[in-house]
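Engineer: Numbering (our numbering), first residue to last: 171 to 976.
Glycine included, every Cβ here is placed at the ideal spot set by N, Cα and C.
Computed from a predicted model, the values in this text were never measured in an experiment.
Below are the structure tokens for one structure; questions will follow.
This is how it looks when you write it as structure tokens:
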């Protein structure tokens, strides 16, 4: 459609409905759906990302594409003191300049005196001398080298290649293989039978030539053995059918830890079909399995190269390894049953820099327990330093809800290990002495530590927290052992910060609700003001007066104050639109340019037209601590949906908007919530749009779903009460269901099954809109435009000026 015709059509949609009202009030907006949903970089502008300092601290690099160039040609730099950003030349970009990512990461990427650094880039290894700003490329191979570190003497670099460890000597360039990890099983050596032994003895007795050859072979083998003693080859470790998931050698190079894992036999993949392809033939894609798959086999082996022995670490020696979850105990499962043995996974070991101590992070497959344990590599014995247990699931900032070690590492004294825990209800920093077990908590309070890095001297932490407000993110500094916290960023909003190597300069990507991120530079002090380096928004986008929504709280039915954003129109039209953010564990009531920036612009348009728009950080959202995070355990669409029902009633009482004038919509988890709202609480809403929505949690993935609802074969009640498909008979109001046909996350089968359910129930006022070239996150502006045109039309017709009067 020509642009003029599409704009005219949009204006007609906006203007015509008001003519049918008794007292017409003409409300227009300078925004249109087509304008909002166009390519963001050409409309909003490209904002900088991925800020990192050069190792010298004299230059700051960042990704930025203000001119719309190829993404590979979008690296910029600026001097430490500011000035105009300059595009990095292709030659400099290809040289992989050494960038700084923190001093203490648990990896020995620096020499002890911090004079040299080794790093991997594009699958090859580089050495950087910080004293003379000199870079040397160590490898240039088709193989992918990774995870480099120095040996204790700083003379060699150890690295991983093809699931084995190697060392390259920096003076001679000699490369030596340190491990011999092979797939498959060790070849069997058949023992000779008694009959074969007799025949061999007879031959040697009868023939002198055979005796001489045998003696010669034995002398040659003795010589080879003596040569091997001077430079022993690594012992071979066979992984069977498993894959190597982690490979670590201690700093003294005596112990090698080999973590290996195999996929479960029952991990059947799903299929998604792409119908619109270049070849003209439908492409059948393999996708993730559904929730409820058994855990894969995991094992941790430790080779003692000094004693030429290998042992398997028994992770189930940890106290609580056989504990039965509370919900299973309610079902009568006993402690000594086979169901009590949970699969355990370990991360590490994390070796202290001197090689004296090793620590494992161990997690249960049901994610209800996490252990920090000291490992004795000689015996495989584990000593618990910290155990975190959650009747729901382990998670939170710096901890991760989907496995992984989280934020962990060693303090410079090589005696204390740091980690994060929600023991107090909020994610905070902890340190534990691995010898004594004494634990300290450097941070505390009703806020969350979102990120933590140690300074070069190990004397201070550079933190990212929401201490000032759960709706803001600031960079802060604190002594390593705790104490007063100094906020380094002052402007209201969100600061994604990067500290220079010497700790004196701070770069931040600063954003607010109505302003995308831009780069600022300042001294790393509380008093210093930042200088703005980039200007990202286009003039066209900045010409509109984008709203800063009101941040407020309403009292939910259980007495809890729930955060919300409210877009208040200058001239209300008596209707409200409720937006539900996705991902479940995500935060959208923030003073940050929202992850849902298209929806943010759409909400501005709606407010222009008189709609009151409300966005809620419902229970389950990020940023508010453990109890908020886990309030949806075993019942999604329970407490989280009740927060929206309570918000709807609050809007009714506060703004006088009745239930039939309230519209609800959202995508992914927000789409799921929309379905649950219209199916189980229809008296509170007058219509909705469920985008790429989960309709049956038994058909979603393992990693996300099992945390919250356990497994469908062991907790069928949780799945039944949480899945919209079981409640579809409650639909009373208009419903739109847009979905991408190549969505490998929330797959089309999900929405097709619900569609059939609605057909069989005889429901009429619903629409399915399929997008043949789109996955879970739409990419094409035409798709975004069509989807939100339909949403807008349904809002107008179901709760807005075009609604049918009853």
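1. Does residue 501 come out as helix, strand or coil in the three-state DSSP assignment?
2. Could you pull the DSSP bridge partners for residue 511 from this structure?
3. Going by DSSP, what residues sit across from residue 416 in a beta bridge?
4. How many angstroms separate the CA atom of residue 238 from the CA atom of residue 246?
5. How far does the beta strand (DSSP E) with residue 821 in it extend, from its first residue to its last?
6. Let me know the secondary structure DSSP gives residue 855 once reduced to three states.
7. Can you check which of these residues, 613, 675, 305, is closest to residue 650 by C-alpha distance?
8. By DSSP, does residue 192 sit in helix, in strand, or in coil?
9. Assign residue 706 to buried or exposed, taking buried as 16 or more other Cβ atoms, counted over all protein chains shown, within 10 Å of its Cβ.
10. For residue 900, which of helix, strand or coil comes out of DSSP?
11. Quick one: any contact between the region 531-549 and the region 483-495, if contact means 3 or more CB pairs under 8 Å?
12. If you draw a straight line from the C-alpha of residue 861 to the C-alpha of residue 564, how long is it?
13. Select from 421, 368, 447, 333 the residue whose C-alpha is nearest the C-alpha of residue 407.
14. For residue 637 and residue 617, which I take to be in contact (beta-carbon distance under 8 Å), what is that distance rounded to the nearest angstrom?
15. Taking 8 Å as the limit between beta carbons, can you name the residues of its chain near residue 764, skipping five residues before and five after?
16. DSSP puts residue 478 in a beta bridge; with which residues?
17. With a threshold of 16 other CB atoms inside 10 Å of the CB of residue 537, please say whether the residue is buried or exposed.
18. According to the Cβ coordinates, are residue 308 and residue 295 closer than 8 Å?
19. Measure the C-alpha to C-alpha separation of residue 251 and residue 230 and round it to an integer number of angstroms.
20. Could you give the DSSP three-state label for residue 318: helix, strand or coil?
21. Within the same chain, show all residues whose beta-carbon is closer than 7 Å to that of residue 519, passing over the 5 residues directly before and after it, in chain order.
22. To the nearest whole angstrom, what separates the beta carbons of residue 574 and residue 472, a pair I think is in contact under 8 Å?
23. Between residue 561 and residue 604, what straight-line distance do the alpha-carbon atoms span, to the nearest angstrom?
24. Need the endpoints of the beta strand (DSSP E) that residue 240 sits in, please.
25. Three or more beta-carbon pairs under 8 Å between the region 873-886 and the region 925-944, yes or no?
26. Taking residue 748 and residue 833 to be in contact with their CB atoms under 8 Å, please state how far apart those CB atoms are, rounded to whole angstroms.
27. Per DSSP, what kind of secondary structure is residue 976 in: helix, strand or coil?
28. With respect to the alpha helix (DSSP H) encompassing residue 774, which residues constitute its N-terminal and C-terminal limits?
29. Going straight from the alpha carbon of residue 345 to that of residue 225, what length do you get?
30. Determine which residues share a DSSP beta bridge with residue 680 and list them.
31. Tell me where the beta strand (DSSP E) around residue 220 begins and ends.
32. Look up residue 542 in the DSSP assignment and say whether it is helix, strand or coil.
33. Which whole-angstrom value describes the C-beta separation of residue 273 and residue 599, a residue pair presumed to lie in contact below a C-beta threshold of 8 Å?
34. Mind checking residue 958: buried by the 16 CB within 10 Å criterion, or exposed?
35. Can you list, in chain order, the residues of its chain whose CB lies under 6 Å from that of residue 557, leaving out five sequence neighbours each side?
36. Grouping DSSP H, G and I as helix and E and B as strand, with all else coil, what is residue 962?
Structural biologist: In brief:
1. Taking the first residue of the chain shown as position 1, residue 501 is located at position 331. In the three-state scheme derived from DSSP, where H, G and I count as helix and E and B as strand, residue 501 is classed as coil.
2. Indexing the chain shown from 1 puts residue 511 at position 341. According to DSSP, residue 511 bridges with nothing at all.
3. Numbered from 1 along the chain shown, position 246 holds the residue referred to as residue 416. Residue 416 is bridged to 429.
4. Your numbering for residue 238 matches position 68 in the chain shown. Your numbering for residue 246 matches position 76 in the chain shown. The straight-line gap from Cα to Cα measures roughly 13 Å.
5. On the chain shown, residue 821 is found 651 positions in, with the first residue counted as 1. Residue 821 -> not in any beta strand (DSSP E); alpha helix (DSSP H) instead, spanning 809-825.
6. Working through the chain shown from its first residue, we reach residue 855 at position 685. Correct three-state label for residue 855: coil.
7. In the chain shown, residue 650 corresponds to position 480, counting from 1. Closest option to residue 650, Cα to Cα, is 613.
8. Mapped onto the chain shown, residue 192 falls at position 22. Confidence at residue 192 is low in this model, with a pLDDT of 40, below 50, so its placement is unreliable and no value can be given for it.
9. On the chain shown, residue 706 is found 536 positions in, with the first residue counted as 1. Buried: at least 16 other Cβ atoms inside 10 Å.
10. Working through the chain shown from its first residue, we reach residue 900 at position 730. In the structure shown, the three-state DSSP call for residue 900 is helix.
11. yes
12. Counting from 1 along the chain shown, the entry for residue 861 is found at position 691. Counting from 1 along the chain shown, the entry for residue 564 is found at position 394. Each residue's Cα considered, the two are about 29 Å apart.
13. The sequence position of residue 407 within the chain shown is 237, counting from 1. Of the candidates 421, 368, 447, 333, the one whose C-alpha sits nearest the C-alpha of residue 407 is 333.
14. For the purposes of this step, residue 637 is identified with residue 467 of the chain shown, where counting begins at 1. For the purposes of this step, residue 617 is identified with residue 447 of the chain shown, where counting begins at 1. Indeed, because the Cβ distance is near 4 Å, the residues count as touching under 8 Å.
15. Against the chain shown, residue 764 aligns to sequence position 594. Closer than 8 Å at Cβ, skipping near neighbours: 683, 758, 770.
16. Locating residue 478 in the chain shown gives position 308, counting from the first residue. For residue 478, which the question treats as bridged, DSSP gives no partner whatsoever.
17. The residue you call residue 537 lines up with position 367 of the chain shown. So residue 537 counts as buried.
18. Taking the chain shown and counting its residues from 1, one reaches residue 308 at position 138. Taking the chain shown and counting its residues from 1, one reaches residue 295 at position 125. Contact: yes.
19. Start at 1 with the first residue of the chain shown, and residue 251 comes out as number 81. Start at 1 with the first residue of the chain shown, and residue 230 comes out as number 60. Their Cα atoms are separated by approximately 10 Å.
20. Residue numbering aside, residue 318 sits at position 148 when the chain shown is read from its first letter. In the structure shown, residue 318 sits in a strand (DSSP, three-state: E or B).
21. Sequence index remark: in the chain shown, residue 519 carries index 349 (1-based). Counting only Cβ-Cβ distances below 7 Å, and skipping sequence neighbours, we find 418, 427, 528, 529, 530, 545.
22. Along the chain shown, one-based indexing puts residue 574 at 404. Along the chain shown, one-based indexing puts residue 472 at 302. Not confirmed; about 21 Å, so no contact.
23. In the chain shown, residue 561 corresponds to position 391, counting from 1. In the chain shown, residue 604 corresponds to position 434, counting from 1. Spanning the two alpha carbons is a distance of roughly 27 Å.
24. Locating residue 240 in the chain shown gives position 70, counting from the first residue. Residue 240 -> no beta strand (DSSP E), and no H or E assigned at all.
25. no
26. Indexing the chain shown from 1 puts residue 748 at position 578. Indexing the chain shown from 1 puts residue 833 at position 663. The Cβ separation is near 7 Å, so the contact holds.
27. As a working mapping, residue 976 is identified with position 806 in the chain shown. Because the pLDDT of residue 976 is 46, which lies under 50, any placement of that residue in the model is unreliable, and the number read from its coordinates should be weighed accordingly. In the three-state reduction of the DSSP assignment, residue 976 falls in the coil class.
28. For the purposes of this step, residue 774 is identified with residue 604 of the chain shown, where counting begins at 1. Note, residue 774: alpha helix (DSSP H), 767-778.
29. For this step, residue 345 is matched to residue 175 along the chain shown. For this step, residue 225 is matched to residue 55 along the chain shown. Answer to the nearest angstrom: the Cα atoms are 27 Å apart.
30. Within the chain shown, residue 680 is the residue found at index 510, counting from 1. Answer by DSSP bridge pairing, in chain order: 665, 688.
31. Working through the chain shown from its first residue, we reach residue 220 at position 50. Per DSSP, residue 220 belongs to the beta strand (DSSP E) from 219-224.
32. Taking the chain shown and counting its residues from 1, one reaches residue 542 at position 372. Note: residue 542 maps to strand in three-state DSSP.
33. The residue labelled residue 273 in the question sits at position 103 within the chain shown. The residue labelled residue 599 in the question sits at position 429 within the chain shown. Not confirmed; about 16 Å, so no contact.
34. Here residue 958 is taken as the residue at index 788 of the chain shown, counted from 1. Per the 10 Å Cβ criterion, buried.
35. As a working mapping, residue 557 is identified with position 387 in the chain shown. Hits under 6 Å: 541.
36. Against the chain shown, residue 962 aligns to sequence position 792. It is helical.
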